[in-house]
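What follows is a set of notes on a single structure, which appears directly below.
In mature numbering (1 follows the signal peptide of the UniProt record, and there is no 0), the protein residues as written are -22 to -1, 1 to 148.
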């Protein structure tokens, strides 16, 4: 990999994070423009397109917090995003950097919601018979995929000579 490519890769990953956040916002905007709050449209026997809001964290944790959770979760997302940007810029393993990029994009997508709406718009409802997984969105998918990728690459031992240093120093 050329030095130019090595130096640009972290910034490309940051751009991908931005693209994930922007895509998430477009989907949420489409949901809010085309569906009433609480509406559910069956798509398959196990999937509904829905319009629901989450004022809490994952699985609606803290949703009944009375308002303090919005500012707490915004603070956590900002701190995590700053840390992830630093990790992407310093990371020497490509798989890890991609994982951080996915997580960052998802965190930014949900952060934008919390700042401007006060809640996160969820639109995907996966279910089996009467059991429904908590509704989620594109940002949540990116966070989960990034976490799974991070765990996967964490268990792969580093082989000398095969890792590309993303900062261009090697």
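C-beta: ideal position from N, C-alpha, C; glycine also. Computed from a predicted model, the values in this text were never measured in an experiment.
Is residue -10 closer than 9 angstroms to residue 55 when the C-beta atoms are compared? no
For residue 132, does the three-state DSSP call read helix, strand or coil? Note: residue 132 maps to helix in three-state DSSP.
Which residue wins for smallest C-alpha separation from residue 114, given the options 102, 108 and 62? Ranking the options by Cα distance to residue 114, first place goes to 102.
Count Cβ pairs between the stretch 91 to 107 and the stretch 18 to 29 that sit closer than 8 angstroms; are there 3 or more? yes
Grab me the residues of residue 204's own chain with a C-beta within less than 6 angstroms of its C-beta, minus the 5 sequence neighbours each way, in chain order. Absent from the model: residue 204. The displayed extent of the chain is -22 to 148, so no value can be given.
What's the C-alpha gap between residue 125 and residue 77? 6 angstroms
Taking the runs of the beta strand (DSSP E) that are 3 residues or longer, which of them lie wholly in the stretch 71 to 136? Counting only runs of 3 or more, we get 98 to 106.
CA nearest to the CA of residue -13, picked from 73, 67 and 5: Residue nearest to residue -13 within the set 73, 67 and 5 is 67 (criterion: CA-CA distance).
Alpha carbon to alpha carbon, how far is residue 99 from residue 30? 6 angstroms
Using C-beta distances below 8 angstroms, list every residue in its chain close to residue 63, excluding the 5 sequence neighbours before and after it, in chain order. -9 and 82
Which residue or residues does DSSP assign as beta-bridge partners of residue 27? By DSSP's assignment, residue 27 forms a beta bridge with 19 and 102.
Presumed contact (8 angstroms Cβ cut-off) between residue 127 and residue 80, rounded CB distance: 7 angstroms
If you count every other CB in all the chains shown that lies within 10 Å of the CB of residue 120, and 16 or more means buried, which is it? Around the beta carbon of residue 120, 16 or more other beta carbons sit within 10 angstroms, so the residue counts as buried.
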